[in-house]
Structures are given as structure tokens and as C-alpha cells.
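**Q** Here it is: the structure, laid out below.
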Amino acid sequence: MNKRIEILSKKTIAGEMYVTPVKTNYDRCDLFLSPVKMSGKRVCEYIRNQEPLIMPESCFTGLITFDGSVEGDIFGRSGHKNFQTACENFYNKPVDNLLTFEWQHSVGDFGKIINIGINGIKENIKKSVQTHRDDANAVEFLETQTDICDAVVDWAKKCSQKAMTIAESVSDEEYKRNLERLSASLKNVPENPASNFYEAVLSLYVCYGLLPDSIGLIDRYLYPFYKKDIDSGNLTKEEASEYLQELFLMLQARIHISSDRFYRGGESHFCVGGYLENGEDGFNELSKLIVDSLIELPTWIPQISLRWTSKTPHEVLHYMMDCERKDANKRIAFVNDEPRIKGLMKYTGLSYKQAVNYTMIGCNEIAMPGGIVFGFDMMNIVRCVQNTFFNRSDDIINAKTFDDFYDIFQEEMFKDLYEADKIGNGLQTIRSRDCNLVSNMLIDGCIENAKSVTQGGIDNYIAVLALIGIPNVIDSLSVTKQLVFDEKRITMKQLIEALQNNWIGFEELREYILKKGMFFGNDEPCSNDIAHRFFKSLDEWNTGDNYLKKPLLFGNLIGYNEHNKFFGNNMKATPDGRFDGDMISFGIGQSEGKDRNGLTALLSSVAKCDPYSILTGPSVTNVLLDEQLVKNDENFEKLVYLFESYFKMGGTHFQLTYVSKEDLINAKKTPDKYKNLRVRVSGFSYYFVFLNEGLQDEIIQRTSHTK
1 MNKRIEILSK KTIAGEMYVT PVKTNYDRCD LFLSPVKMSG KRVCEYIRNQ EPLIMPESCF
61 TGLITFDGSV EGDIFGRSGH KNFQTACENF YNKPVDNLLT FEWQHSVGDF GKIINIGING
121 IKENIKKSVQ THRDDANAVE FLETQTDICD AVVDWAKKCS QKAMTIAESV SDEEYKRNLE
181 RLSASLKNVP ENPASNFYEA VLSLYVCYGL LPDSIGLIDR YLYPFYKKDI DSGNLTKEEA
241 SEYLQELFLM LQARIHISSD RFYRGGESHF CVGGYLENGE DGFNELSKLI VDSLIELPTW
301 IPQISLRWTS KTPHEVLHYM MDCERKDANK RIAFVNDEPR IKGLMKYTGL SYKQAVNYTM
361 IGCNEIAMPG GIVFGFDMMN IVRCVQNTFF NRSDDIINAK TFDDFYDIFQ EEMFKDLYEA
421 DKIGNGLQTI RSRDCNLVSN MLIDGCIENA KSVTQGGIDN YIAVLALIGI PNVIDSLSVT
481 KQLVFDEKRI TMKQLIEALQ NNWIGFEELR EYILKKGMFF GNDEPCSNDI AHRFFKSLDE
541 WNTGDNYLKK PLLFGNLIGY NEHNKFFGNN MKATPDGRFD GDMISFGIGQ SEGKDRNGLT
601 ALLSSVAKCD PYSILTGPSV TNVLLDEQLV KNDENFEKLV YLFESYFKMG GTHFQLTYVS
661 KEDLINAKKT PDKYKNLRVR VSGFSYYFVF LNEGLQDEII QRTSHTK
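1 is the number of the first residue of the sequence shown in this note's numbering; add one for each residue after it.
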């Protein structure tokens, strides 16, 4: 990085680039207005009242942060009173130990703003007013959108004036030119379409505060500007890199340094690569420049995923995995376009040309440009196993075959899925009582439908549900089939008694299960078949008969919170050897050494488990490797080929942590000695010693692969 970026990096890491909100006073007579008019008026006043943060070294400015005095952006949800009520009552507080409320990530359609400008958005608003002219509520909503567009343009002009003022006081000629260019460009964007790469990045920078989550597929919507400027000689790669780096520093600086989120990569997540609409792989020279520019920065946010395709050159995967192994801040993960695009087309109704434009966001959610993840509550899928063994004991004792037993289990699973749907509907109903006004110009459909994103305006949403405990379910079913129906080592009644007694008096049986149980991840027929059957059941249930009115994409991650521990605390023992109160699993890997047959077998099991591509929502596959395995270049090359094969077999995702189990255990005991130990958690990276105990224990329990 150059000297300018180095200075800004140091200021960012020190927390000096945080944009502090300016307190805004509102007229009490605003209360005479309708709720939408009052909110719109106050949002505009708030935006115009903010102060730009501009350093002498700045090439960009314009980030807005909201303080909660008005309903702010849809990601942060500051000022959304009903959302806060939902959080107070249901965030990390499961209903019936079945479902808990979670955040929803999104990605603004920044490419639209860059290409048509806010004036283009205003033209779309005018057209929508004509369409909805007989609907007073719709017209009122659209009028507020015009007002907010005008406020953002005024904000850009305010930033322009301040940039010029600072330029006049700066003695460094390079910095002066940068600030003069910034001032001049802010008179054009984001009001009008960007005319070059610099203005495209600036337009994104200014508008990011309206939806400060993912920046989407920047190697696609920025590429035409990059290519044109490079070819014309108006831009060098070095200049493009420093513009990207300043953008990335803003994504980091948006979080206050006092927040633990300052060190968590999931605060902003985007992708490079992936299929293009013409079926070709989209990893280009800008994709590589983006990755190189990010990895050079000493930051934690944003994080990035490579979208691998069957046409991705081996050299690209090798390059990305090499960047990943050298990145101390663990900002890179990997997703497979093949199952994800299949899942999007099958379950969400998207065409191929639409589906190829997805991006990963948040911890590892999936969304389309101008889209949001709808649903995304956390469901305890292991509860149906408990219900089967504790509430249907007479029925399963009388089951003559495993098929009879599985039918009973499936009944309980379907009951829980429908019950979770009812609870989820209630949670989203609370969300919908807020009327977000700030983010709609970046959300697909809100202007055209004349409705807020919180009230059904969006066209482009993906319905998801995260199932926590999938490995426990597969293992419990597999062990039951193995011991009761195949080996006939025990009766169903004995297994039920063992669970009812929390394995007390059945220690030898539990020991046998842990040593000989046919657990998922060993690539053997019993657990592989059970996994297929489980996902087939999900596919049968997933008809779209739910409150979101479309089939779901399922996931398995827990985000920042230890939902697996919350759920497990109130769970009885399960046939996979769990005790009462033990945490349940998340992700689709394995833990506690149950994947005895090594890394290849684990990856093979995961790659083959879901032929329906239904687990292509917010899902993760965690792999813990011994650090020595990746330090050796020869071993590392084999590792790249292994994960390439895993993707070719159908694996959806992987993220890597390189550390020995011994170091993890020692870090928990003596955290002061391991402050820099960074790990991948549930779709994001974080310092191990800062994690809560439940997440630390989960990582320690992952099987460490040494060969």
C-alpha cells in the first residue's frame, strides 16, 4: 500500500475514522403529521444536519451513520421501535426451545445508483406515482422517497463544499489535488451516473450509509468503469487499488472501535468470481485486484468469498486459498456456484440469468442485488428427535422396521417445521410494523410497488430458515438404525430408557456408540443414506406452504450467537451420545472426533449429502486443519486439489481454520498468551479468546485434521 493508505489504515485501526452522528433536534409539531410524513421529514433533516468526515489524506467522503433518533437503514435498524421490541422479547430467547429471532442481512443495488444516479431513481419514483396515483398511502410513501433522494444530493453537495474548504488549507500538492477532485466529483455523483471508476467508487461510498451491509458483486458492476479507464490510460492499477482500499477502510471504520463487531468480518461480506449470465466464469483482473487490495490491509472487515464454478481455473482457486492461508485476519471463504444456482432456480423461482447474480452476505447468507434475506430465524431441528423418543415412545417401540420408525420421526419433524413457521410469522409481523424509509431506493421493487421494504415492497427476496443441529439429527437416526434395526444390539425400549436416564446405567452402550457408531462424515453407506433421506424429507415438506409464500432455502449457521448452546441447554439426551443439556451442533461438518476416517471422507460425505441443493441458504462447512499441514507447499498443493474435488462432487461451502487443538485448549486456559489467535466461527472470523465459552468449546470439539 502507498503512504496515503498506510496513514488512513492506522487511523482506521485506531478508531479515528468513525463517523460520529451529529445530534439533530426535531420540531415537536412534526407529531401533527402522519407517521410516514413525520418520519420522512425527520430523516431528511437528519441527513442534511450531519457533518462529513474528511482527512487531509482522503480521496472519498460521504458516509452517514444513524443514531436512532429516526428510523435509519434497514440493516442496523436503529430507530425501528417494533424491531427493538422484538429483540427485547425474542433475540437469543427461543420460543418453546424451537425458534429464536435473528438479524436479517441485505445487499443494496449499488450498481443501479452508480449507473443511473439518484436522478434516475427519481424518474422511477415519478413513474411509480403515476401507477399508484389512486392510492393515497402509496403516493405519500413515494413523496418521502423523493424527499430523501433530494436530501442525499444535498448531503453530497455539503461534502463537496467541505472537501474544497480543506483543500484550500492543505499544503501537500497531491492531497490538495485529491480533495479538489473529490469536491468536483461530488457535484456530479451520486446525483448523476458515474462517468469513471473513481466516481463509481465515490457514488458507492456516499450511498453505502443508506444500507451499510454487503457491497455485492463489485467485480461486476465496477468492471466496465475499470476496463474503460485502464484501456484509455486514465487509470492505473495502483490508483484503482488505493481507491478500493479506501472503500474497504470505510467498511471497517463504520463500526465504532468500542464494539466487539469492530473485529468481526461478518459486518460486511461480498463475493468475487462466479458464473456470468453467458455461462462463463466471472473471475477477472479486477477480481484479483480487489482481493490483493483487501489482503494488504490490516483490517478485519470486510470479508470475501470466492464463488467457484466448474470453469474456475485451478490457478484461481490456488491463488485464493494461498491468500487465505497467508491472511492472519481470516477474511476469505469459498462457495460453490453449482449447487447454489441449482437451489436458487429450484426453490426461489429465479431464472439462470437472475440466479448467477447472487452474492454471499453477513456470516454466510445469500441474497440478490437489491435483496434481503427473509426469515432467517434459528430453528432447533433436534427437538423433533427428542419429541420422537420422549413423546412417541410407545409408537416407536412398536415400529417393526426402520422405515416405520422414520415415518414417525418425519411426522414430528414436519410438526416442528409448521410450528416454527407460525412462530416465524409472528416475529416478521412485529418487524413489519416499522416503516423503513431510508433504504428503499437501494432495494429492488420498493419504488415500483410503492411500499417500504419492511411492509412487503421488495420483489427480490430469498426465504430462508436456519436448522441448528443437523449433524445430531443424522447421527441419532443413523445410530438408531444401526443398533436397533441392523445389528439388533439393543431394543428400542432399551435405547429409550438410556435416553430417559441420561445414559446413567448405560455407560457401556454410550461408549460403544461413540467408538463404533456410524456417524455422519465417515463416507459409509448407513449415515450417507440417512443424510439423503433427511434432506429428501425437507424437500417433500418444502412446498412453499408457509408465511413467506415460497419454498425455503435451508441453512445451518448460528451467526454471532451461541444458539446451539441455548437450544442444547434445554434438550434431553439424544441417541448420538449427547447428554442432557449438552450443546447441539451447527454447520454440516462433524465434531468430537466422530469423523474417524479423515478429511477426505468428511468432505465426501458433506458433498454427497444434499442432492436436492436445499441446504444452499445460510450454510457453512467448518474445517479445522493443523497449521503444519498448510505451511508445507507440497501438502498445500494437495489440499487445493482436495477441495477442488470436493466442489466438483457438490460441496457447497468451506472455511478453514489452521491451528492445533492443543493451542485452542491452551488459549482457553491462558487467553493473554493467545490474543492474536484468529479462527473461522460460523461464517465469520474472530479472535478466539474473545468468543463466548460456548463457541470456544464448539471450535475445540471440531476434529483437527493433520493429513
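For every residue, glycine included, the Cβ atom is placed at its ideal position computed from N, Cα and C.
For residue 159, is the classification buried or exposed, using 16 other Cβ atoms within 10 angstroms of its Cβ as the cut-off for buried?
**A** Looking up residue 159 in the sequence shown gives position 159. Result: buried.
**Q** To the nearest angstrom, how far is it from the Cα of residue 53 to the Cα of residue 185?
**A** If you number the sequence shown from 1, residue 53 lands on position 53. If you number the sequence shown from 1, residue 185 lands on position 185. Going from the Cα of residue 53 to the Cα of residue 185 covers about 16 angstroms.
**Q** Excluding five sequence neighbours on each side, which residues of the same chain lie with their C-beta closer than 6 angstroms to the C-beta of residue 295?
**A** Translated into the one-based positions of the sequence shown, residue 295 becomes position 295. Excluding positions up to five away in sequence, the list reads 323, 327.
**Q** Inspect the CB distances between the stretch 61-73 and the stretch 430-449 and report whether three or more fall short of 8 angstroms.
**A** Yes: at least three Cβ pairs fall under 8 angstroms.
**Q** Let me know the secondary structure DSSP gives residue 558 once reduced to three states.
**A** Sequence index remark: in the sequence shown, residue 558 carries index 558 (1-based). DSSP places residue 558 in coil when its eight states are reduced to three.
**Q** Using the Cβ count rule (16 or more neighbours within 10 Å means buried), how would you classify residue 305?
**A** In the sequence shown, residue 305 corresponds to position 305, counting from 1. With 16 or more Cβ atoms within 10 Å of its Cβ, residue 305 is classed as buried.
**Q** Please report the residue range of the beta strand (DSSP E) in which residue 742 lies.
**A** With the chain covering only 1 through 707, there is no way to say anything about residue 742.
**Q** Which same chain residues end up closer than 8 angstroms to residue 154 when comparing Cβ atoms and leaving out the 5 residues on each side of it in sequence?
**A** Stepping through the sequence shown from its first residue, residue 154 is reached at position 154. The residues are 47, 48.
**Q** Assign residue 29 to buried or exposed, taking buried as 16 or more other Cβ atoms, counted over all protein chains shown, within 10 Å of its Cβ.
**A** Within the sequence shown, numbered from 1, the residue matching residue 29 stands at position 29. It is exposed - the Cβ of residue 29 has fewer than 16 other Cβ atoms within 10 Å.
**Q** Can you say whether residue 267 is buried or exposed, counting buried as having 16 or more other CB atoms within 10 angstroms of its CB?
**A** As a working mapping, residue 267 is identified with position 267 in the sequence shown. So residue 267 counts as buried.
**Q** Kindly indicate which three-state DSSP category residue 243 falls into: helix, strand or coil?
**A** Along the sequence shown, read from residue 1 onward, the residue named residue 243 stands at position 243. In the structure shown, residue 243 sits in a helix (DSSP, three-state: H, G or I).
**Q** Could you have a look at residue 547 and say whether DSSP puts it in helix, strand or coil?
**A** The residue labelled residue 547 in the question sits at position 547 within the sequence shown. Residue 547: coil per DSSP, three-state reduction.
**Q** Taking Cβ positions, are residue 475 and residue 519 nearer each other than 7 angstroms?
**A** In the sequence shown, the residue the question calls residue 475 occupies position 475. In the sequence shown, the residue the question calls residue 519 occupies position 519. Contact: yes.
**Q** Note the first and the last residue of the continuous beta strand (DSSP E) segment covering residue 709.
**A** Since the first residue of the chain shown is 1 and the last is 707, residue 709 is not available in this structure.
**Q** Are the CB atoms of residue 256 and residue 362 within a distance shorter than 7 angstroms?
**A** Translated into the one-based positions of the sequence shown, residue 362 becomes position 362. Translated into the one-based positions of the sequence shown, residue 256 becomes position 256. For residue 362 and residue 256, no; Cβs fall outside 7 angstroms.
**Q** Count the other C-beta atoms from every protein chain shown that fall within 10 angstroms of the C-beta of residue 35, then say buried if there are 16 or more, exposed otherwise.
**A** Position 35 of the sequence shown, counting from 1, holds the residue named residue 35. The residue is exposed, with fewer than 16 neighbouring Cβ atoms inside 10 Å.
**Q** At which residue ranges does the stretch 271-331 contain complete alpha helix (DSSP H) runs of 4 or more residues, listed in the order of the chain?
**A** For the stretch 271-331, whole alpha helix (DSSP H) runs of length 4 or above, ordered along the chain, are 285-295, 314-326.
**Q** Using three-state DSSP, classify residue 104 as helix, strand or coil.
**A** Residue numbering aside, residue 104 sits at position 104 when the sequence shown is read from its first letter. In the structure shown, residue 104 sits in coil (DSSP, three-state: anything other than H, G, I, E or B).
**Q** Tell me whether the beta-carbon of residue 373 lies closer than 7 angstroms to the beta-carbon of residue 104.
**A** Looking up residue 373 in the sequence shown gives position 373. Looking up residue 104 in the sequence shown gives position 104. Taking 7 angstroms as the Cβ cut-off, residue 373 and residue 104 qualify as a contacting pair.
**Q** Short check: CB of residue 658 to CB of residue 620, under 7 angstroms?
**A** Taking the first residue of the sequence shown as position 1, residue 658 is located at position 658. Taking the first residue of the sequence shown as position 1, residue 620 is located at position 620. Against a cut-off of 7 angstroms, the Cβ pair of residue 620 and residue 658 comes out as no contact.
**Q** From residue 557 to residue 617, what distance separates their C-alpha atoms?
**A** The count along the sequence shown starts at 1 and reaches residue 557 at position 557. The count along the sequence shown starts at 1 and reaches residue 617 at position 617. Whole-angstrom Cα-Cα distance: 9 angstroms.
**Q** Rounded to the nearest angstrom, what separates residue 5 and residue 286 at their Cα positions?
**A** For this step, residue 5 is matched to residue 5 along the sequence shown. For this step, residue 286 is matched to residue 286 along the sequence shown. Their Cα atoms are separated by approximately 19 angstroms.
**Q** Using a Cβ-Cβ cutoff of less than 8 angstroms, which residues in the same chain neighbour residue 23 once the five nearest sequence positions on both sides are dropped?
**A** As a working mapping, residue 23 is identified with position 23 in the sequence shown. Cβ neighbours of residue 23 beyond the five flanking positions: 67, 69.
**Q** Would you decide whether residue 397 is buried or exposed? Buried here means 16 or more other CB atoms lie within 10 Å of its CB.
**A** Translated into the one-based positions of the sequence shown, residue 397 becomes position 397. Its Cβ having fewer than 16 others within 10 Å, residue 397 is exposed.
**Q** Please return the same chain residues whose Cβ sits closer than 7 angstroms to the Cβ of residue 445, not counting the five positions on each side in sequence.
**A** The residue you call residue 445 lines up with position 445 of the sequence shown. Around residue 445: 457, 458, 459, 460.
**Q** Report the three-state DSSP secondary structure of residue 626 (helix, strand or coil).
**A** Residue numbering aside, residue 626 sits at position 626 when the sequence shown is read from its first letter. DSSP places residue 626 in coil when its eight states are reduced to three.
**Q** Quickly, what does DSSP pair residue 234 with across the bridge? List them, please.
**A** Against the sequence shown, residue 234 aligns to sequence position 234. BP columns for residue 234 are empty, so no partner.
**Q** Would you list, in sequence order, the uninterrupted alpha helix (DSSP H) runs of no fewer than 4 residues that lie entirely inside the stretch 386-469?
**A** Complete alpha helix (DSSP H) runs here, min 4: 393-397, 402-432, 446-449.
**Q** Please state whether DSSP places residue 680 in a helix, a strand or coil.
**A** Taking the first residue of the sequence shown as position 1, residue 680 is located at position 680. It is a strand residue.
**Q** Beta-carbon separation of residue 350 and residue 12 under 7 angstroms?
**A** Start at 1 with the first residue of the sequence shown, and residue 350 comes out as number 350. Start at 1 with the first residue of the sequence shown, and residue 12 comes out as number 12. No, the Cβ-Cβ distance between residue 350 and residue 12 is not below 7 angstroms.
**Q** Apart from the five residues just before and just after residue 589, which ones in its own chain have a Cβ nearer than 6 angstroms to its Cβ?
**A** Here residue 589 refers to the residue found at position 589 of the sequence shown. So the list reads 621, 622, once near-sequence residues are dropped.
**Q** Evaluate residue 593 with the Cβ neighbour count: other Cβ atoms within 10 Å of its Cβ, from every protein chain shown; 16 or more gives buried, anything less gives exposed.
**A** Start at 1 with the first residue of the sequence shown, and residue 593 comes out as number 593. It counts as exposed.
**Q** Which residue marks the beginning of the alpha helix (DSSP H) containing residue 539, and which one marks its end?
**A** On the sequence shown, position 539 is the one that residue 539 refers to. First-last of the alpha helix (DSSP H) with residue 539: 525-541.
**Q** Using a Cβ-Cβ cut-off of 6 angstroms (strictly less than) and excluding sequence neighbours within five positions of residue 312, which residues of its own chain qualify?
**A** Counting from one through the sequence shown, the residue named residue 312 turns up at place 312. Around residue 312: 281.
**Q** Per the DSSP calculation, residue 359 is bridged to which residue(s)?
**A** One-based indexing of the sequence shown puts residue 359 at position 359. Answer by DSSP bridge pairing, in chain order: 367.
**Q** With residue 513 and residue 577 assumed to form a contact (beta carbons below 8 angstroms), what rounded beta-carbon distance in angstroms separates them?
**A** For this step, residue 513 is matched to residue 513 along the sequence shown. For this step, residue 577 is matched to residue 577 along the sequence shown. Indeed they touch by this definition, with Cβ atoms about 5 angstroms apart.
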